[in-house]
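Residue numbers (our numbering): 122 to 520.
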């Protein structure tokens, strides 16, 4: 646990007071906010009445981790799950996420016991941990925890103390996630480390939790995709299937012309290394890449492709956080996202030289520049192809 955890908790309380201050002078606003929260809780409770029950509990502790967000959020949770497994080795750990395919891919090596869809009753578990940037103990049976996992109680108490100081952040997520990031950075924290702070566990941003990948499956996947035996790097435009592209160029995506110039520079220096483009059905196909796998891969293929790449080049995206669960090293471009909060020390992290760091100021921060700049003048565009090439070439030559 960090030495300045007390100041971290105080910062959460201070920020919560700022949030509530907007409503202190207006009774209708206070009533509206309270009504919205009660309605939300009631709606959830009614829905859960119709969810199926699990089989009765036994003498095995049941833990459920419910993560909200995208593939990157699940990837970042793997380090936390590893620590949770070490802390509760005899527990049955279930994992809940919107996509079973993503959960199966990230936990393919048995780190969790089972997948749980969103139709669950918290009381069917002994401990339910839920959230995204911050985690909360949504439900816990203290008597069962004291009986089956007494050594976990100190962590439970530490987590509850931190959660109590950040109640408003969990109520108004994701709108306060940017403020949470600022507080974490100021107190020596980070995105992954937050998961430990809010649950009382020791979890670090740069802790390793690589997926145990099968060599035989790697050969099968790489052969099917035409990559087996090749030396290659991967690139990704930062767009996934959940990215909203209706408002134009997403703010976390490097401009196409920058990608084109980067590939030209890279191919001139490394003609024997293939440039492989990854992406989902919303990604724009780069005809200047040697091999485009846009829309041609399954979720389960991705860690194997990344694991065998010499390097992965990307904006701050879910693919980067997935790559961190493999042997892959990355060159990562940070614009709206904060490198101090999200970066891994093993990568080369390049922050925009102008502006940047606006994550979560608005709910549209990923789709619209908050200052109204066109794509060519947005913060990420200020990172030049030469800068990225210099970083990539240095990394490749050091392998």
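Glycine included, every Cβ here is placed at the ideal spot set by N, Cα and C.
Model, not experiment: these values are computed from the prediction.
When DSSP states are grouped into helix, strand and coil, residue 308 belongs to the coil group. Straight-line measurement puts the Cα of residue 259 at about 25 Å from the Cα of residue 442.
For residue 425, there is no enclosing beta strand (DSSP E); the enclosing alpha helix (DSSP H) covers residues 423-428.
Here residue 172 carries a coil assignment [DSSP, helix/strand/coil]. Between the segment 289-299 and the segment 472-485, the count of C-beta pairs closer than 8 Å reaches three or more; the two stretches touch. When the beta-carbon positions are compared, residue 374 and residue 350 stay at least 8 Å from each other. Contact between the segment 221-233 and the segment 163-174 is absent: fewer than three C-beta pairs spanning the two stretches fall below 8 Å.
Assignment of residue 519 by DSSP, reduced to helix, strand and coil, places it in the coil class. According to the DSSP assignment, residue 290 belongs to no beta strand (DSSP E) but to the alpha helix (DSSP H) extending over 288-292.
Residue range 439-444 is occupied by the alpha helix (DSSP H) that includes residue 439.
With fewer than 16 other CB atoms across the displayed protein chains lying within 10 angstroms of its CB, residue 181 is exposed.
The C-beta distance from residue 398 to residue 410 rounds to 4 Å, short enough to fall under 8 Å. Taking the Cα positions, residue 463 is about 11 Å away from residue 254. Residue burial annotation: residue 158 is exposed, with fewer than 16 other C-beta atoms found within 10 angstroms of its C-beta. Residue pairing for residue 433: DSSP places it in a beta bridge opposite 355, 451. Excluding residues up to 5 positions away in sequence, 321 lie with their Cβ nearer than 8 Å to the Cβ of residue 278 in the same chain. Shown here, residue 296 sits in coil according to DSSP, grouped into three states, outside any helix or strand. Residue environment for residue 311: buried (at least 16 other C-beta atoms within 10 angstroms of its C-beta). Beta-carbon to beta-carbon, residue 353 and residue 430 are separated by about 6 Å, close enough to satisfy the 8 Å threshold.
Taking the C-beta atoms as reference points, residue 245 is found no nearer than 8 Å to residue 345. CA-to-CA, the gap between residue 194 and residue 188 works out to about 7 Å. The segment 366-420 is shown to contain whole alpha helix (DSSP H) runs of 4 or more residues at 377-390, in chain order. Contact between residue 437 and residue 458 holds, with the beta-carbon distance rounding to 4 Å and staying under 8 Å.
Taking residue 491 as reference, the option from 196, 370, 434 with the minimal CA-CA separation is 370. Around the CB of residue 450, 16 or more other CB atoms lie within 10 Å, so the residue is classed as buried.
In the DSSP assignment, residue 257 falls within the beta strand (DSSP E) that extends over 256-261. When C-alpha distances from residue 179 are compared across 473, 392, 328, 268, the shortest belongs to 268. Ranked by how close their Cα comes to the Cα of residue 186, the residues 137, 440, 215, 518 have 215 in first place. In this structure, residue 209 lies near residue 184, with their beta-carbon atoms less than 8 Å apart.
The three-state reading of DSSP puts residue 167 in helix, counting H, G and I together.
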